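**Q**
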Amino acid sequence: MAETALALDHVGVCNMELGPMTAAYEALGFSLSPVAQQSGRRTPESEVELYGSGNRCAFLTHGYIELLAVLDPTRFDNDLARFTGRYGGVHILALGMDDAEANLARMRRAGIPIAGVAHLQRPVEAGGPIAKFSRLPYPDAPEGRIQLIRHLTPELVWQKRWMDHANKAEALTELVLVSAEPAVTAARLSKLTGIVIEPRLAGGFLLRLPGGARVAGPEAPVIETRVSILAPEDLEATLPGVVIPALPFMAGIFVKTSDGNAAVRKLLAGKRATDLPGGALLVPPALAAGAALVFHP
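Going by the numbering used here, the sequence shown wraps up at 726, each residue one higher than the last.
1. Which residue from 558, 555, 511, 578 puts its Cα closest to that of residue 531?
2. Give me the DSSP bridge partner(s) of residue 578.
3. For residue 487, which of 470, 468, 646 has the nearest alpha-carbon?
4. In chain order, what residues of the same chain have a beta carbon less than 7 Å from the beta carbon of residue 585, not counting five sequence neighbours either side?
5. Beta carbon of residue 591, beta carbon of residue 509: below 8 Å?
6. Which runs of the beta strand (DSSP E) at least 3 residues long sit entirely within the stretch 620-683? Give them in chain order.
7. Beta-carbon within less than 8 Å of residue 432's beta-carbon, same chain only, minus the 5 sequence neighbours each way: which residues are those?
8. Tell me which residues share the same chain as residue 495 and place their Cβ nearer than 6 Å to its Cβ, disregarding the 5 neighbours each side in the sequence.
9. Span of the alpha helix (DSSP H) holding residue 451?
10. Would you mind listing the alpha helix (DSSP H) stretches within the stretch 455-531 that are 4+ residues and don't spill past its ends, in chain order?
11. Could you name the residues of the same chain whose beta carbon sits closer than 8 Å to that of residue 718, not counting the 5 residues immediately before and after it, in chain order?
12. Using a 10 Å radius around the Cβ and a threshold of 16 neighbouring Cβ atoms, would you call residue 551 buried or exposed?
13. For residue 475 and residue 543, I'd like the C-alpha separation in whole angstroms.
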């Protein structure tokens with residue numbers, strides 16, 4: 430068991446409506462889990478309540494992409510109106526851990542004013558079993574919802590029946606985050622994760638997550654995953670053509686495919702995708718619900 434973050438678990442793409450996001454990601458070759466409305470406690474002491482937010486997810490062998498929207502506007506929206514008021518796109522960065530209490534103690538020692546372990550749950554499908562999660566969110570982080578997460582029921586969410594993707598996506602490998610103060614954002618992520626942030630050769634900073642058995646999926650390999658923290662002027666070299674709508678900005682998601690991008694190239698034929706070095710392929714935010722999406726071998 431570790432008192433640091435171990436892996437890139439998932440990212441959350443947020444918009445007010447779920448339907449257009451679903452259509453966009455299915456067109457990109459992702460299979461999605463059924464619609465699931467979330468429940469949780471607003472504070473560690475409060476009762477579990479049904480939230481207005483809900484999701485569909487693209488579960489990969491390592492990690493997943495969450496599509497999160499408002500299903501019931503009469504209920505607590507789990508901060509979606511605030512997030513999407515800035516821009517539609519990625520607002521959630523969840524890093525996997527295997528020991529919530531040890532990480533809670535470490536975060537408190539680091540001076541993070543966290544109330545305690547936050548709990549979230551949702552049915553995996555209508556009338557189905559309840560998936561449960563333990564979360565350690567960094568309070569009031571300007572970057573969005575940055576948090577550590579431990580899956581208490583991983584076998585319920587990573588199910589083979591919704592993991593066969595036409596684009597052959599298999600692993601969530603990197604998030605690109607842009608900040609007007611990259612050193613400040615890097616320091617915040619270091620406090621959250623317990624990991625020393627490194628300078629990035631192409632500018633900015635790099636958080637390297639070492640991996641952990643079963644941390645980002647029941648069959649997830651132990652691989653290094655990353656968060657790159659860039660200054661605005663460094664974004665063009667990494668994600669060409671991506672326009673910054675507001676700062677801070679979770680700009681791009683990197684996904685590894687199992688076939689060297691052969692399938693996704695066929696799926697994207699005739700669409701506005703951009704070739705990147707190393708055989709990678711950049712899907713612009715307009716085609717991925719506000720997130721730049723990079724498929725790579």
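Glycine included, each C-beta is placed from N, C-alpha and C at the ideal position.
Because the structure is a prediction, the values reported are computed rather than measured.
**A** The relevant details are as follows:
1. Indexing the sequence shown from 1 puts residue 531 at position 102. Comparing Cα positions, the closest option is 578.
2. Translated into positions along the sequence shown, residue 578 becomes position 149. DSSP lists 525, 564 as partners of residue 578.
3. Position 58 of the sequence shown, counting from 1, holds the residue named residue 487. Checking every option, the nearest Cα to that of residue 487 belongs to 646.
4. Translated into the one-based positions of the sequence shown, residue 585 becomes position 156. Counting only Cβ-Cβ distances below 7 Å, and skipping sequence neighbours, we find 553, 558, 560.
5. Counted from its first residue, the sequence shown places residue 591 at position 162. Counted from its first residue, the sequence shown places residue 509 at position 80. For residue 591 and residue 509, no; Cβs fall outside 8 Å.
6. 634-638, 654-659
7. As a first step, residue 432 is located in the sequence shown; it is residue number 3 there, counting from the start. Cβ within range, chain order: 528, 531, 532, 534, 535, 623.
8. Working through the sequence shown from its first residue, we reach residue 495 at position 66. Contacts found: 439, 441, 484, 486.
9. As a working mapping, residue 451 is identified with position 22 in the sequence shown. Element bounds for residue 451: 447-456.
10. 509-515
11. Sequence index remark: in the sequence shown, residue 718 carries index 289 (1-based). Result list for residue 718: 442, 444, 449, 450, 453, 454, 496, 517, 518, in chain order.
12. Numbered from its first residue, the sequence shown carries residue 551 at position 122. Burial call: buried.
13. Here residue 475 refers to the residue found at position 46 when the sequence shown is read from its first residue. Here residue 543 refers to the residue found at position 114 when the sequence shown is read from its first residue. In a straight line, the C-alpha of residue 475 is about 15 Å away from that of residue 543.
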